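Working notes, structure below.
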Amino acid sequence: MTPATAPDPRSDLAHAYEAAMQHLASVQSAKGAVGGEVIWNPMLVCQYVIACHVLGRPIDPDRRRRIRLALERQVRDDGGWGMHPDSESWLFHTTLCYVALRLLGHPPDDPLAAGALRWIRAHGGVTKNPTWGRIWLALLGLYPWQCVQPILPEMWLLPDATPVHPRRLYCHMRLIYLGLSYLYGARVQAPDSPVLRDIRDELYDRGYDRAPFRAHRDDIAATDLYEAPGAGLRAAFAAMRALDRIAPGLVRKKALARAIEHVLFELRSTGHVCLSPVNGLLFNLALHHHDARHPERDQAFRGLEYWFWEDDVDGTRICGARSDIWDTSFLLQAVCEGPRSDAGEGLARRAAAWLVTAQIRGDIPGGAEHYREPADGGWGFADERHPWPVSDCTAEALEALIHCADHRLAEPLARERQLAALRFVLRRQNEDGGFGSYEPRRGSLVLKHFNPAEIYGNCMLEYSYSECTASCVRGLALARRHLGDAVPPGLAADVDAAIERGVAFLLRAQHPDGGWLGFWGINFTYGTFFAVHALLAAGLPRQHPAIRRAVAWLVRHQRRDGGWGESFEGLLDGRDVQLPAHEPSLVAQTAWAVLTLMAAETAEESPAIERAIAYIRARQQADGSWPRERASGVFFNTAVLDYDLYRQIFPAWALARRLGRTAD
Numbered sequence: 001m002t003p004a005t006a007p008d009p010r011s012d013l014a015h016a017y018e019a020a021m022q023h024l025a026s027v028q029s030a031k032g033a034v035g036g037e038v039i040w041n042p043m044l045v046c047q048y049v050i051a052c053h054v055l056g057r058p059i060d061p062d063r064r065r066r067i068r069l070a071l072e073r074q075v076r077d078d079g080g081w082g083m084h085p086d087s088e089s090w091l092f093h094t095t096l097c098y099v100a101l102r103l104l105g106h107p108p109d110d111p112l113a114a115g116a117l118r119w120i121r122a123h124g125g126v127t128k129n130p131t132w133g134r135i136w137l138a139l140l141g142l143y144p145w146q147c148v149q150p151i152l153p154e155m156w157l158l159p160d161a162t163p164v165h166p167r168r169l170y171c172h173m174r175l176i177y178l179g180l181s182y183l184y185g186a187r188v189q190a191p192d193s194p195v196l197r198d199i200r201d202e203l204y205d206r207g208y209d210r211a212p213f214r215a216h217r218d219d220i221a222a223t224d225l226y227e228a229p230g231a232g233l234r235a236a237f238a239a240m241r242a243l244d245r246i247a248p249g250l251v252r253k254k255a256l257a258r259a260i261e262h263v264l265f266e267l268r269s270t271g272h273v274c275l276s277p278v279n280g281l282l283f284n285l286a287l288h289h290h291d292a293r294h295p296e297r298d299q300a301f302r303g304l305e306y307w308f309w310e311d312d313v314d315g316t317r318i319c320g321a322r323s324d325i326w327d328t329s330f331l332l333q334a335v336c337e338g339p340r341s342d343a344g345e346g347l348a349r350r351a352a353a354w355l356v357t358a359q360i361r362g363d364i365p366g367g368a369e370h371y372r373e374p375a376d377g378g379w380g381f382a383d384e385r386h387p388w389p390v391s392d393c394t395a396e397a398l399e400a401l402i403h404c405a406d407h408r409l410a411e412p413l414a415r416e417r418q419l420a421a422l423r424f425v426l427r428r429q430n431e432d433g434g435f436g437s438y439e440p441r442r443g444s445l446v447l448k449h450f451n452p453a454e455i456y457g458n459c460m461l462e463y464s465y466s467e468c469t470a471s472c473v474r475g476l477a478l479a480r481r482h483l484g485d486a487v488p489p490g491l492a493a494d495v496d497a498a499i500e501r502g503v504a505f506l507l508r509a510q511h512p513d514g515g516w517l518g519f520w521g522i523n524f525t526y527g528t529f530f531a532v533h534a535l536l537a538a539g540l541p542r543q544h545p546a547i548r549r550a551v552a553w554l555v556r557h558q559r560r561d562g563g564w565g566e567s568f569e570g571l572l573d574g575r576d577v578q579l580p581a582h583e584p585s586l587v588a589q590t591a592w593a594v595l596t597l598m599a600a601e602t603a604e605e606s607p608a609i610e611r612a613i614a615y616i617r618a619r620q621q622a623d624g625s626w627p628r629e630r631a632s633g634v635f636f637n638t639a640v641l642d643y644d645l646y647r648q649i650f651p652a653w654a655l656a657r658r659l660g661r662t663a664d
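Sequential numbering of the sequence shown, starting at 1, is according to the working numbering.
See below:
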């Protein structure tokens, strides 16, 4: 009798990898990019509804229906809406959703609207909204502008050297507050109407005129507050309120004109899509107030469509970011590590050809006077339409294309374009050796204590991020080895020095228990994934104490099911908080952890790696994909993001690395 053939675990993994590649090929766009939705919350689509009302732009009936569908899909059991998919309800988001529902024509006794209003009243009413919520209410005449914390457009008239000039802020905050300062300074407000009078009566059941606006001017609902304004910021607000009352009309007029100059530059330099939909919405409102017949008004409004995701399953959403370049770069690196695969290599060839086109060629005319850093050579987070390049996106894209050329999946990127990418990345390094994202840090760290956005943290400045630093160190090190003597001597010396300083930063940033705190992902698992790969790429041996501490930390945190799972709650105060024991591990985090272990593997880690790979394989679905799970992305401590493709690309990468690539 012929003995049964034992199952081949490697063959099983190869089938799993091929299925993953086929699934990813099925979501690839026609142009070649692979980008998933960055799922957040209903804030932006509700602000879109409010903006359309102020702008006098009707919303298509199908879109109105889909907006309602999205709100139905995202409402909490208690009737409110939250900051992110896993959060409790927040006053800010629930207020916006209620107002949007009413502006869309739903009556106050509509189940969604009625539930929201009950939640609002049970949590103290709308007067304790955070500042950004008050501003959107003020645009509709539902909150008095004089009780909104002051955002003076005159700040844009300060000399550039001033320590508190807005140019020193993190670019997202800078442009959001550019738009807010115009709206505040001009006291922009929609004309009164019956529906606004009805909403006002509903929100203030004791009467708008009797609402305690001034008494709650410095109060923020406990559900929403993350970082309370300190004594220094409260004093600054008091001083700005006094200046607001006495500022000469001519100065205010000049300040608004300067703000509009910056608004128009951002609209024009981005093809009207803007850095983000947040400032895009604000800029549409500012431009409309400035000139309701401005020739670019329609282009600016159409630019908002760039940020929409819309279907009949989840409704109409507006994402806070697009991630085509970011997702595609990681996917290409995964394919380059994996075995030969028709699906994967066809996918990679199309993706690499597109990624080359997304590199920015040349600087943006007039950028310097509007506080833009040189952009030539960079890649952004989004796609070829979005000319806001980022340090780590550039490093990851460059690395992906170098690997693709090595494996004959793409033509080599021209040497001059590689050198331009190196120069771009170098310009984002901070004095401490770490790297910022869009820009190097421009302002004093003192400014972090003057955060007016009570619902977010660490949002005032560019910082040195462990993940950005790690991506930049790894990309620079790979390109330096790849280009060799083709790098001019002066640039080569700068790259070598930047790598050395970046490594020193990462070694200082390691926590005593062995992990690295993440800023853009959850949490230590994410930061450690990037840091260990960077240190190894820079030449540190696997036996280096920092690497061994990191590996030990990961092994200690492997869960019973073989995976890893951290909670977003650790981001609130920089702690390591694991998911409850009864919840399954997260595939994305498990992939980050096992990729790190495989990169630094010694014989001791083999059992942990095998258990992790088994968990990833067990969670894979029949179509090659992995199911939706808790979100793993984040920004500004509280804003958790669900990157739709993280749970597809990183597990596929883990399978690719485990299988290895045969010689081409």
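Note that beta-carbon positions come from the ideal geometry of N, C-alpha and C, so glycine has one too. Predicted model only: the values in this text are computed from it and were never measured.
For residue i, verify whether its CB is less than 8 Å away from any heavy atom of the ligand COA.
i: A493; result: Among the ligands in the structure shown, none appear at all, so the ligand COA cannot be discussed.
Residue i: which of the options sits nearest, CA to CA?
i: A358; options: G378, L13, V164 and Y371; result: G378
i: F301; options: V273, L140, D324 and R340; result: V273
i: V278; options: G82, I50, A550 and P545; result: I50
i: L137; options: D642, Y98 and S181; result: Y98
i: E439; options: W388, L579 and W90; result: W388
i: L304; options: R322, I613, L655 and E583; result: R322
i: T469; options: G490, L491, S437 and L579; result: S437
i: A352; options: G366, A16, V335 and G515; result: V335
i: N430; options: L447, Y465 and K448; result: Y465
i: A593; options: L579, D623 and V555; result: V555
i: I59; options: G105, E37 and L96; result: G105
i: L264; options: F283, V251 and A255; result: F283
i: R423; options: G490, L447 and R408; result: G490
Should residue i be labelled buried (16 or more other beta-carbon atoms within 10 Å of its own) or exposed?
i: V195; result: exposed
i: R121; result: exposed
i: E18; result: buried
i: I364; result: buried
i: F650; result: buried
i: S11; result: exposed
i: G660; result: exposed
i: K253; result: exposed
i: R63; result: buried
i: E399; result: buried
i: L655; result: buried
Roughly how many angstroms lie between the CA atoms of residue i and residue j, to the nearest whole one?
i: R174; j: P339; result: 45 Å
i: P488; j: A25; result: 39 Å
i: W40; j: H93; result: 12 Å
i: S444; j: R206; result: 45 Å
i: E154; j: L507; result: 42 Å
i: C171; j: I220; result: 25 Å
i: A453; j: G539; result: 41 Å
i: G185; j: L169; result: 19 Å
i: R102; j: R210; result: 23 Å
i: L332; j: S391; result: 18 Å
i: Q543; j: V75; result: 50 Å
i: G79; j: W309; result: 24 Å
i: A375; j: R361; result: 8 Å
i: F529; j: H84; result: 24 Å
i: Q22; j: V634; result: 28 Å
i: A70; j: G315; result: 4 Å
i: W307; j: G36; result: 12 Å
i: A663; j: R268; result: Model confidence at A663 stands at a pLDDT of 49, short of 50, so the residue's coordinates are unreliable; what they give is reported in the following sentence. Roughly 48 Å between the two C-alpha positions.
i: A608; j: R575; result: 24 Å
i: Y456; j: G141; result: 26 Å
i: P42; j: A599; result: 39 Å
i: Y526; j: F505; result: 17 Å
For residue i, list the residues DSSP reports as bridge partners.
i: R317; result: W309
i: F435; result: Q429 and Y465
i: D642; result: I39
i: P389; result: G380
i: W90; result: W81
i: F635; result: A639
i: G521; result: G633
i: Q543; result: Paired residues: none, contrary to the question.
Quiz item: On the three-pair Cβ rule with 8 Å, is the segment 608-616 touching the segment 562-582?
Solution: yes
Quiz item: Is there contact here, the segment 469-479 with the segment 394-403, by at least three beta-carbon pairs under 8 Å?
Solution: yes
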